[in-house]
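Below is one structure, written out as structure tokens; the observations come after it.
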Amino acid sequence: MSENSNLLAEQRRALIVDEVRRQGGVRVNELTRWLNVSDMTIRRDLDALAGQGMLAKVHGGAVPVLEASTHEPGFEAKSGLELTAKEAIAREAARLVAPGSAVALSAGTTTYSLVPHLLKVAGLTVVTNSLPVADAFEQALRLGGPGVHPATVVLTGGVRTPSDALVGPLADRAIRSLHFDLLFLGSHGISVEAGLSTPNLAEAETNRCFIASARRVVAVADHTKWGTVGLSSFAKLSEVDTLVTEAALPEEIRAAVAEQVREIVIARV
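When you line the sequence shown up against UniProt numbering, it's residues 1 to 269, in that order.
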């Protein structure tokens, strides 16, 4: 395994996070033997992962970050994480959209990354419960410019969450009355057992309404979402038609997901 490739470094770090969560903790010497890299490389990996909040460093190794299943990070806190991966995922996901489609975007920083790519598709009707997504569309459409196509953007009503999603009965009622060709679905976490989950009970229900109203469900998530479980599950993996993720997701995780998800698209960073 080359230590000079950023892509391979991301894959290695994804494996480390998965192993820490699976075992409840690992030692540096165990990781050096398993991954066949130097002690210094592993320590750099642990420093980087600890800086991203993916694990906690302890003397001689690392342990999982103990986060309550009800903890809900704000939009701004998440928006600066995994930017390269989110951009690659968004670029690949947008290829699934046909001109003239009715497209729904749930809240989230990865779905937010789709906005500039969807503006290049003609004749879209976009429905979202995300305030940042609606604002980004509005600003881009107002400015216009080369390659920006007009779009009809519908923002559901509802009660605002810390992640800037609009949820609750008003949002749910609006979404149930509509029918989408394609839904892009973000999530707080993904696992084989829990599926897609969120810390917010009302947002989980709103996401279920999105799924029920969509002909095709596309989940968009980078590798750091794997193994995280929020308070409420809102979709089984088997309810997802397509998962768009990136190459840092380890092969063994892809294999487990592939048993339930109909299609996996790997975005190249």
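By construction, the Cβ of each residue, glycine as well, lies at the ideal position given by its N, Cα and C atoms.
Residue i at chain D interface by Cβ criterion, 7 angstroms
i, result
"V229", "No chain D is present in this structure, which holds just one protein chain."
Where the beta strand (DSSP E) through residue i begins and ends
i, result
"K86", "Run containing K86: none in the beta strand (DSSP E); it sits in the alpha helix (DSSP H), L83 to A94."
"V58", "A56 to V58"
Residue i: first and last residue of the uninterrupted alpha helix (DSSP H) it sits in
i, result
"L8", "N6 to Q23"
"G51", "D39 to G51"
"V28", "V28 to L35"
"L141", "L131 to L143"
"E103", "At residue 103 the sequence reads Val, which differs from the Glu that was named. Here V103 belongs to no alpha helix (DSSP H); instead the beta strand (DSSP E) covers A102 to L105."
Selected residue, minimal CA-CA separation from residue i, among the options
i, options, result
"V20", "L46, R33 and M40", "L46"
"V103", "S191, S233, L49 and T152", "T152"
"V240", "A204, V229, E92 and R215", "R215"
"G189", "F180, L183 and N200", "N200"
"L131", "R160, N29, V217 and G123", "R160"
"D135", "A258, T156, K120 and N29", "T156"
"T125", "Q52, P146 and V154", "V154"
"A56", "L83, W34, T32 and R27", "R27"
"E263", "S38, A93, G168 and N129", "A93"
Close beta carbons around residue i, own chain, < 7 angstroms, minus the five adjacent residues each side
i, result
"L249", "A14, H223 and W226"
"V229", "S69, G189, S191, A194 and S197"
"V261", "L237, V240 and L243"
Residue(s) in a DSSP beta bridge with residue i
i, result
"I264", "L243"
"T152", "T125"
"G61", "R27 and V58"
"R160", "L166"
"A235", "L196"
6 angstroms Cβ shell around residue i - same chain, five flanking residues per side excluded
i, result
"F195", "Before going on, a small fix: residue 195 reads as Gly here, not Phe. Answer for G195: S233, A235, K236 and L237, listed in chain order."
Other residues of its chain near residue i: CB distance less than 8 angstroms, five sequence neighbours each side excluded
i, result
"E3", "Per-residue confidence for E3 stands at a pLDDT of 41, beneath the threshold of 50, marking its modelled position as unreliable; the derived number appears in the next sentence. Hits under 8 angstroms: A9, V37, S38 and T41."
| request: May I have a chain-ordered list of the beta strand (DSSP E) segments no shorter than 3 residues that lie completely inside the segment 185 to 233? | output: Runs found: 189 to 191, 195 to 198 and 217 to 220.
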